[in-house]
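Here the structure is laid out as structure tokens; the discussion comes afterwards.
Number of protein chains: 2
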Amino acid sequence: MNLKQSIRESINTKKEDYIQLLQKIIQQPSTTGNELEAQNLVAERLKNLGLDVDVWIPDSEKLKESTFFNPRRDNYEDSPNVVGTLKGKENGRSLILNGHIDVVPAGDESKWTNNPYSGKVIDGKLYGRGATDMKGGNMSTLIALETIIDLGLELKGDVIYESVIEEETGGAGTLAAIQRGYKADIALIPEPSEMKIFPKQQGSLWFDISVKGVSAHGGTRYEGVNAIEKGWVVFQEIMNLEKKRNKPLREDPLYRDNPIPIPINIGQFNGGYFPSAVPEDATIQGRYGVAPGETIEEAKEEFQSMLDNLKSIDEWFDLHPATVKWGGIHLPPGGCDLDHPMLEILKTKYFEVEQEEAIIAGSTWGTDGGLLTQAGGIPSIIFGPGTTSMAHYTDEYVELEKMFKTAEITALSIIEWCEIAEKN
Amino acid sequence: MNLKQSIRESINTKKEDYIQLLQKIIQQPSTTGNELEAQNLVAERLKNLGLDVDVWIPDSEKLKESTFFNPRRDNYEDSPNVVGTLKGKENGRSLILNGHIDVVPAGDESKWTNNPYSGKVIDGKLYGRGATDMKGGNMSTLIALETIIDLGLELKGDVIYESVIEEETGGAGTLAAIQRGYKADIALIPEPSEMKIFPKQQGSLWFDISVKGVSAHGGTRYEGVNAIEKGWVVFQEIMNLEKKRNKPLREDPLYRDNPIPIPINIGQFNGGYFPSAVPEDATIQGRYGVAPGETIEEAKEEFQSMLDNLKSIDEWFDLHPATVKWGGIHLPPGGCDLDHPMLEILKTKYFEVEQEEAIIAGSTWGTDGGLLTQAGGIPSIIFGPGTTSMAHYTDEYVELEKMFKTAEITALSIIEWCEIAEKN
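Same order as they appear, the protein sequences are chains A and B.
Residue 247 is where the first sequence starts when you use my numbering, and the numbers rise one by one after that.
Residue 247 is where the second sequence starts when you use my numbering, and the numbers rise one by one after that.
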């Protein structure tokens with residue numbers, strides 16, 4: 247029996263066990279600040295595998311030393327990072343398997359068919375907030391690692407399994423892991439790429455725009471200026487900026503099949519505080535895609551120019567400029583060279599398992615890959631089983647067969663990259 | 247010395263006392279649910295005047311019996327109504343002086359020059375939330391009543407002084423006073439009319455519209471439908487409805503000088519819950535003016551037609567209709583006949599004091615007058631000192647001279663209406 251068959255068989259015999267573990271992890275609603283219980287489950291599993299397991303509370307003072315940090319909170323007490331290391335025997339090529347444990351909120355729970363944290367399996371899909379983004383992905387890399395251990399294979403290089411906090415709201419977890427000294431020659435991140443391979447990942451920034459109006463009684467509303475109406479002017483200009491910024495990416499082979507390669511998503515719009523008063527304030531919050539190859543500073547400058555130009559569209563903004571604060575998610579773009587050997591390995595192993603060519607593309611969202619690449623100097627590739635469109639979505643699910651296939655391809659790729667130690 | 251001179255002199259000698267009382271009342275931030283302390287001050291003053299004072303907690307079960315009630319809460323424990331009655335001696339024409347003690351929230355307190363509840367007097371203006379809407383108005387009617395008592399005048403008809411709760415958020419206070427049996431031949435309400443006389447008052451309804459989108463990850467936002475964008479379609483149609491509804495009022499002599507006689511104010515717009523998710527919900531809240539002579543039902547029907555028509559503008563609304571709930575403020579239009587004798591008295595007394603013709607107009611906002619007229623069968627007239635544009639506004643103030651002039655005109659009008667008892 248060859249290696250590929252052994253790996254598949256090993257995975258097949260433990261499928262129920264893996265599904266149950268994923269269910270348990272999904273049943274922990276690990277939104278920002280609430281990662282502890284889910285992390286405990288991961289740490290316990292890694293310990294049982296015999297790995298060196300490192301569990302620590304990120305230190306916000308230390309994080310603040312990095313220019314890549316955007317503070318969301320001062321206290322990480324219930325948000326430990328977990329890293330398990332499978333030490334290589336011969337100083338071979340090393341690899342990080344990075345994935346975030348935090349999930350976005352469930353939104354309107356009444357819209358979910360089942361409880362958002364049910365973990366129910368129906369027709370081969372496992373449901374729950376985080377199933378696709380990205381607990382199902384984390385499970386695929388964990389299965390890959392566990393399978394290598396189960397098969398008694400010893401590798402030349404280290405495999406570092408990182409279960410990090412707070413990707414969805416800032417990237418503090420991965421940054422803390424970099425600061426703690428975790429380095430490798432390549433990082434794989436099983437974000438929900440639908441088994442596409444992303445050697446380029448766009449960056450992502452969160453903006454928070456403040457728009458001014460003038461308050462008045464609703465009965466004499468003509469004496470005020472409705473901040474919601476002014477906010478709508480800003481909304482439209484943001485959409486025009488998105489069009490402008492996406493034009494050049496139409497030429498990029500990694501992005502040209504994507505309707506909006508670097509989207510600007512307006513996720514929140516809030517104006518006013520009382521039905522019968524004219525709103526004097528409105529805020530617009532959203533995420534801003536940073537193109538691979540673009541710096542965060544360049545992206546921010548273009549955004550600021552758009553705001554500065556508002557006064558040429560509506561003179562109101564001349565004396566009442568819309569202002570922006572950058573906070574929360576602050577992920578630089580990441581990736582690896584297109585001739586990186588790990589990219590070739592992944593493509594080959596994908597073909598071996600799937601009997602078809604892998605799709606190579608660029609991510610439409612920011613990931614911790616940008617931090618690994620820019621703050622950690624570690625090239626990064628996204629390859630995960632989740633359904634992109636289900637991320638942050640009602641009735642989020644992961645297809646279990648894709649999770650197991652991803653695990654198989656990942657195990658084969660790890661072995662090829664880190665190589666089996668001579669003494670095996 | 248004639249009556250007019252006596253009244254003016256009596257007011258003049260007590261100006262400082264009245265200003266101090268108004269300051270104390272304004273220093274109590276009597277937003278909905280927090281009316282108790284301000285009401286205690288009013289009740290104490292009325293008792294000191296020797297009136298029969300009735301202080302009671304409105305009963306939400308009783309309120310629910312009325313079709314005019316729109317419940318905001320179940321418990322009125324810290325929100326008593328206060329009514330003081332000056333009994334007439336000879337069953338003459340009676341009069342209610344109605345005013346609400348509740349104020350709207352201060353909004354962004356940092357924008358206020360002084361604390362929003364300072365009660366500071368600068369250049370003849372007394373500042374603070376509620377100064378114009380309508381604690382300054384309530385003070386003008388209290389001064390009128392107190393002056394009549396100070397002068398030892400006994401009247402033929404009853405004067406009922408009502409300090410009611412919750413006008414700003416529903417009208418429960420006035421409705422409770424009607425249910426408790428307080429009736430009169432006419433009601434005066436010193437809402438901030440800038441000393442204009444309003445024999446017609448428009449009604450006011452609060453709407454709460456729900457708009458649907460489809461959630462998605464911000465990175466693939468093209469897979470979702472942004473509820474904020476759909477909300478903007480609704481926003482524009484509301485503004486078109488406002489134009490349509492205001493056209494006929496351009497012919498009405500009471501309203502033709504007003505830029506928007508029956509305004510629709512959009513006071514709140516909220517969509518989304520996370521910067522990097524496509525918003526699946528948006529809500530639009532505001533107040534909807536009801537024309538004098540229009541029923542609440544007719545006004546609601548026209549609003550619903552506008553919502554039903556959205557699908558002809560954007561087919562999204564065909565399968566995802568915007569829905570409306572009516573709640574909070576629910577004030578029918580009110581007023582009196584244009585040949586009502588009290589209207590004539592007010593005009594005459596205004597001319598006697600001000601030496602110019604009073605302006606007769608229609609209110610641009612709903613008041614408790616609608617409830618008095620429609621639920622209580624009591625014709626109502628608005629006449630108050632406050633500056634309309636300062637209601638619900640930062641740095642709200644009342645001009646003290648206007649407050650005292652209004653008190654003088656009101657005292658003369660009360661005496662003419664209720665008549666001095668024979669035995670005086």
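Where a beta carbon is used, it is the ideal one built from N, C-alpha and C, also for glycine.
Is the separation between the beta-carbon of residue i and that of residue j shorter than 7 Å?
| i | j | result |
| --- | --- | --- |
| B/Ile510 | B/Ile474 | no |
| A/Ser626 | A/Gly608 | no |
| A/Ala537 | A/Ile508 | yes |
| A/Gln514 | A/Ile628 | no |
| B/Leu617 | B/Gly449 | no |
| B/Lys293 | B/Gln425 | no |
| A/Lys335 | A/Ala667 | yes |
| A/Ile342 | A/Ile406 | yes |
| B/Pro525 | B/Asn472 | yes |
| B/Phe650 | B/Ile265 | no |
| B/Val457 | B/Ala568 | yes |
| A/Ser386 | A/Pro304 | no |
| B/Gly330 | B/Lys402 | no |
| B/Thr278 | B/Glu412 | yes |
| B/Pro445 | B/Leu249 | no |
| B/Gly517 | B/Gly470 | no |
| A/Ala621 | A/Phe314 | yes |
| B/Ser461 | A/Tyr639 | yes |
| B/Asn486 | B/Gly419 | no |
| A/Gly345 | A/Gly383 | yes |
| A/Phe453 | A/Gly532 | yes |
Assuming the contact rule is C-beta atoms closer than 8 Å, residue i and residue j should be a hit. Round their C-beta distance to whole Å, please.
| i | j | result |
| --- | --- | --- |
| B/Ile672 | B/Leu658 | Residue 672 of chain B lies beyond the range of chain B shown here (247 to 670); nothing can be said about it. |
| A/Ser312 | A/Leu451 | Wrong, their Cβ atoms sit about 16 Å apart, outside the cutoff. |
| A/Ile530 | A/Phe563 | That pair is no contact at about 14 Å. |
| A/Leu332 | A/Asp263 | Rounded, the Cβ-Cβ distance is 19 Å, inconsistent with contact. |
| A/Phe520 | B/Pro351 | 7 Å |
| B/Pro438 | B/Ala604 | Contact doesn't hold; Cβ gap of about 16 Å is too wide. |
| A/Trp663 | A/Ile443 | Actually they are not in contact, since the Cβ atoms of A/Trp663 and A/Ile443 sit about 14 Å apart, beyond 8 Å. |
| B/Trp572 | A/Gly465 | B/Trp572 to A/Gly465, Cβ: 18 Å. No contact. |
| B/Ile347 | B/Glu281 | 5 Å |
| A/Thr619 | A/Gly581 | 6 Å |
| B/Val410 | B/Ala430 | That pair is no contact at about 14 Å. |
| A/Leu372 | A/Gln269 | 7 Å |
| B/Pro579 | B/Glu540 | 7 Å |
Subject >> Sufficient close CB pairs (3 or more, under 8 Å) joining the stretch 308-325 of chain B to the stretch 361-378 of chain B >> reply: no
Original post:
Fully enclosed by the stretch 279-336 of chain A, which beta strand (DSSP E) runs are 3 residues long or longer?
Top reply: Taken in chain order, the complete beta strand (DSSP E) segments of 3 or more residues contained in the stretch 279-336 of chain A are 298-302 and 327-332.
Subject >> Complete alpha helix (DSSP H) runs within the stretch 450-519 of chain A (minimum length 4 residues, chain order) >> reply: 473-492
Subject >> Runs of beta strand (DSSP E) lying entirely within the stretch 559-601 of chain A, each at least 3 residues, in chain order >> reply: 569-577
Subject >> Inter-stretch contact at 8 Å, needing at least 3 Cβ pairs: the stretch 264-274 of chain B / the stretch 287-307 of chain B >> reply: yes
Subject >> Continuous alpha helix (DSSP H) assignments of at least 4 residues falling wholly in the stretch 335-362 of chain A >> reply: none
**OP:** Specify whether the stretch 295-304 of chain B and the stretch 367-380 of chain B touch according to this definition: at least 3 beta carbon pairs, one from each stretch, less than 8 Å apart.
**Re:** no
Original post:
Between the stretch 590-604 of chain A and the stretch 647-665 of chain A, are three or more C-beta pairs nearer than 8 Å?
Top reply: Inter-segment contact for the stretch 590-604 of chain A and the stretch 647-665 of chain A is present: three or more beta-carbon pairs are separated by less than 8 Å.
Subject >> Residues of the stretch 523-537 of chain B with Cβ closer than 8 Å to any Cβ of chain A, in chain order >> reply: Those would be Ala523, Val524, Pro525, Glu526, Asp527, Ala528, Gln531, Gly532, Arg533 and Gly535, in chain order.
**OP:** Pull out every residue of the stretch 398-419 of chain B whose Cβ sits closer than 7 Å to any Cβ of chain A, in chain order.
**Re:** none
Original post:
At a cut of 8 Å, does the stretch 391-401 of chain B reach the stretch 639-649 of chain B through at least three beta carbon pairs?
Top reply: no
Original post:
Taking only runs of the alpha helix (DSSP H) that begin and end inside the stretch 614-641 of chain B, which ones reach a length of at least 4 residues, in chain order?
Top reply: Taking only runs of at least 4 residues, the alpha helix (DSSP H) segments lying wholly in the stretch 614-641 of chain B are 615-620.
**OP:** Would you list, in chain order, the members of the stretch 508-522 of chain B that have their beta-carbon closer than 7 Å to a beta-carbon of chain A?
**Re:** For the stretch 508-522 of chain B, the residues whose beta carbon sits under 7 Å from a beta carbon of chain A are, in order, Pro509, Asn511, Ile512, Gly513, Gln514, Phe515, Asn516, Gly517, Gly518, Tyr519, Phe520, Pro521 and Ser522.
**OP:** Can you check the stretch 366-411 of chain A for any beta strand (DSSP E) of at least 3 residues that lies completely inside it and give the ranges in chain order?
**Re:** 371-373 and 405-410
**OP:** Please list the residues of the stretch 621-647 of chain B that have a C-beta atom closer than 9 Å to any C-beta atom in chain A, keeping them in chain order.
**Re:** Thr634, Ser635, Met636, Ala637, His638, Tyr639 and Thr640
Original post:
How do the stretch 553-563 of chain B and the stretch 628-639 of chain B stand: do at least 3 beta-carbon pairs fall below 8 Å, yes or no?
Top reply: no
Original post:
What residues in the stretch 462-480 of chain B bring their beta carbon closer than 7 Å to a beta carbon of chain A?
Top reply: Residues of the stretch 462-480 of chain B that bring their beta carbon within less than 7 Å of a beta carbon in chain A comprise Ala462, His463, Gly464, Gly465, Thr466, Arg467, Tyr468, Glu469, Asn472, Ile474 and Trp478, in sequence order.
Original post:
Which of the residues in the stretch 344-360 of chain A, read from start to end, lie with their CB under 9 Å from any CB of chain B?
Top reply: Val350, Pro351, Gly353, Asp354 and Lys357
Original post:
For the stretch 409-437 of chain B, which segments carrying the beta strand (DSSP E) assignment without a break, of at least 3 residues, lie completely within its bounds, in sequence order?
Top reply: 432-435
Subject >> Residues of the stretch 554-581 of chain A with Cβ closer than 9 Å to any Cβ of chain B, in chain order >> reply: Gly574 and Ile575
**OP:** Pull out every residue of the stretch 422-443 of chain A whose Cβ sits closer than 7 Å to any Cβ of chain B, in chain order.
**Re:** none
Original post:
According to a CB-to-CB cut-off of less than 8 Å, which residues of the stretch 590-614 of chain A neighbour chain B?
Top reply: Ser609, Thr610, Trp611 and Gly612
**OP:** May I ask you to list, following chain order, the residues of the stretch 490-508 of chain B that have a beta carbon less than 7 Å from some beta carbon of chain C?
**Re:** Absence of chain C from the displayed structure is noted, the protein chains being A and B.
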